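Undergrad: Numbering (the numbering used here), first residue to last: 59 to 538.
Where a beta carbon is used, it is the ideal one built from N, C-alpha and C, also for glycine.
Predicted model only: the values in this text are computed from it and were never measured.
Quick one: the structure is below, and I'll ask about it shortly.
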Ligand code: GLU
């Protein structure tokens, strides 16, 4: 392909389900490649499966791509609106003799497959209706039979292409399953619904797609599609087949692995930044210098197919979690609050009566460094929005005389007005001395009283925040 051809790539999702992690990863590689070369990243909604395609899935896919930051150029193309162009291409193939009507019935095809199986051969169409005479065709029509339209695939042909990921590829025409159906069964006077390989070729050509970047499960389709490009007199794009995403056992990631849709990851509390970062690493080895934590823009600056691996990419939760923690730890408190607010609001947690405006941001500054998922910022924030139920360890401390005495002494000294860190430290020392216990005993008791648990973020900051919220006094009193 001459260097002057503009780079135009596309994602062609079928709206028959929510945005799958594999589709999203294909989107990432398309986006990075387009942005690296200053090309266009386009979308085509492949909604020709009328029964299974749903508008809500299209919405889900577009939402997911937007959330991930995978912005696209131009209005998405809707495949079902291009049916006339698909039919015209089929007419062209019929006229040029590259395609023909096949009247074989389901029963005949099933019998053929059984025969092949009995003989230990791979199932394929036997091209039996390839050369029907006009009289034979008419006889089938008179019988009331309908026909599919098949595209001729010469068994002796060899298809080759230089794959941008996998290098030289070679496919024998004889291994493509026989003449391929390109339009569903319909009366012989009509053209039935056009099928995947045909419509993809027609649409990719119409959209002037320069590079088709998609999962390696499409390799056999590429062989068929290259034959269609040639038969239609169209210039084919270049192809890049990306490795599959594998589960921990090394098998293709599937619905059975549980979490597979981008929305699932989002609901679990993963950030878009960490998820796109992780998907980029699924099959691409970044060059030296950018490390493993990077933005889409940083990856786009250095992206190339030379560093895309051929081997499948195993899903690694630890790495995703690590990346997510890195993203969360790097967020400014105000930004973290913006992201947590909808989750807090979903729990019915409001501003906190009587509190000053900045307390939630200070809470985020307190919790941020210990978050690994956004959802952790819900669990860990809970005691700041409502009095927590004490756990067993916290309850046990209520009967400890030393702890009780020190908490009582602290309560007596607790100011009504504002409290700063230095004064608070002083009060802790005074109260512990007055009760005759070590400061550590009081700290433990105070944590249990305030948070209902012996675990949690920095105690002094926690206490000062709860004091601002006006809830330290009652919680300490309740623990006595
Ligand atoms: N609709 C196809 C899919 O979702 C598109 C494959 C392609 O990129 O050509 O698998």
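Please state if the CB of residue 328 and the CB of residue 378 are separated by a distance shorter than 8 Å.
TA: For residue 378 and residue 328, yes; Cβs fall inside 8 Å.
Undergrad: Provide the residue(s) that pair with residue 226 in DSSP beta bridges, ordered along the chain.
TA: According to DSSP, residue 226 bridges with 220.
Undergrad: Can you name the residues that DSSP bridges to residue 319?
TA: Note: residue 319 sits in a beta bridge opposite 78.
Undergrad: Going by DSSP, what residue range makes up the alpha helix (DSSP H) through residue 471?
TA: 459 to 471
Undergrad: Could you check the C-alpha separation between residue 157 and residue 145 for me, to the nearest Å?
TA: Answer to the nearest angstrom: the Cα atoms are 12 Å apart.
Undergrad: For residue 368, which residues of its own chain have a beta-carbon under 8 Å away from its beta-carbon, when the five flanking residues on both sides are left out?
TA: 223, 224 and 301
Undergrad: Does the beta-carbon of residue 104 have 16 or more other beta-carbons within 10 angstroms, so that it is buried, or is it exposed?
TA: buried
Undergrad: Could you give the distance in angstroms between the alpha-carbon of residue 218 and the alpha-carbon of residue 281?
TA: 8 Å
Undergrad: Pull up the DSSP beta-bridge partners for residue 304, would you.
TA: Partner residues in the beta bridge of residue 304, as assigned by DSSP, are 310 and 372.
Undergrad: Whose CA, out of 538, 474 and 212, lies closest to the CA of residue 155?
TA: 212
Undergrad: Helix, strand or coil for residue 85? Go by DSSP, reduced to three states.
TA: Under the three-state reduction of DSSP output, residue 85 falls in the helix class.
Undergrad: Can you check whether the CB of residue 100 is closer than 8 Å to the CB of residue 68?
TA: yes
Undergrad: Is residue 297 helix, strand or coil by DSSP?
TA: strand
Undergrad: Can you list, in chain order, the stretches of the alpha helix (DSSP H) that have 4 or more residues and sit fully within the region 179 to 259?
TA: 192 to 200
Undergrad: In this structure, does DSSP put residue 269 in helix, strand or coil?
TA: strand
Undergrad: Taking only three categories from DSSP, how would you classify residue 328?
TA: DSSP, reduced to helix, strand and coil, places residue 328 outside both helices and strands of the structure shown, so it counts as coil.
Undergrad: Rounded to the nearest angstrom, how far is the Cβ of residue 257 from that of residue 137, given a contact under 8 Å?
TA: Right, their Cβ atoms sit about 6 Å apart.
Undergrad: Decide if residue 489 is buried, meaning its Cβ has at least 16 other Cβ atoms within 10 Å, or exposed.
TA: buried
Undergrad: Would you say residue 423 touches ligand 1, meaning its beta carbon is less than 7 Å from a heavy atom?
TA: no
Undergrad: Using a Cβ-Cβ cut-off of 6 Å (strictly less than) and excluding sequence neighbours within five positions of residue 134, which residues of its own chain qualify?
TA: Excluding positions up to five away in sequence, the list reads 101 and 103.
Undergrad: Tell me whether residue 108 sits in a helix, a strand or coil according to DSSP, three-state version.
TA: Looking at residue 108 - three-state DSSP - the assignment turns out to be coil, as it is neither helix nor strand.
Undergrad: Keeping to the same chain, check which residues put their C-beta closer than 8 Å to that of residue 419; ignore five residues upstream and five downstream.
TA: 391, 392 and 395
Undergrad: In angstroms, rounded to a whole number, what distance separates the CA positions of residue 547 and residue 385?
TA: Only positions 59 to 538 of the chain appear in this structure, which leaves residue 547 out of reach.
Undergrad: Does ligand 1 have even one heavy atom less than 7 Å from the beta-carbon of residue 272?
TA: Yes, the Cβ of residue 272 comes within 7 Å of a heavy atom of ligand 1.
Undergrad: Please check the pair residue 221 and residue 298, which I expect to be a contact at CB under 8 Å, by giving their CB distance rounded to whole angstroms.
TA: 6 Å
Undergrad: Just to confirm, are residue 350 and residue 339 a CB contact at a threshold of 8 Å?
TA: yes
Undergrad: Beta carbon of residue 258: closer than 7 Å to some heavy atom of ligand 1?
TA: Checking every heavy atom of ligand 1 against the Cβ of residue 258, one is found closer than 7 Å.
Undergrad: Considering only the alpha carbon of each residue, which of 462, 512 and 443 lies closest to residue 526?
TA: 443
Undergrad: Distance check for residue 427 and residue 72, CA to CA, integer angstroms please.
TA: 40 Å
Undergrad: Going along the chain, which unbroken runs of the beta strand (DSSP E) with 3 or more residues stay wholly within the region 124 to 168?
TA: 157 to 160
Undergrad: Shorter than 7 Å, the distance from the beta carbon of residue 263 to the closest heavy atom of ligand 1, or not?
TA: The answer is no for residue 263.
Undergrad: Return the residue from the list 531, 131 and 226 that minimises the CA-CA distance to residue 265.
TA: Answer by Cα proximity: 131.
Undergrad: Kindly indicate which three-state DSSP category residue 342 falls into: helix, strand or coil?
TA: strand
Undergrad: Using 10 angstroms around the beta-carbon of residue 276, count the other beta-carbons present and answer buried if the total reaches 16, otherwise exposed.
TA: buried
Undergrad: When burial is assigned at 16 or more other CB atoms within 10 Å of the CB, is residue 294 buried or exposed?
TA: buried
Undergrad: Hey, residue 334 and residue 354 are a contact pair by Cβ (cut 8 Å); roughly how many whole angstroms apart?
TA: 6 Å
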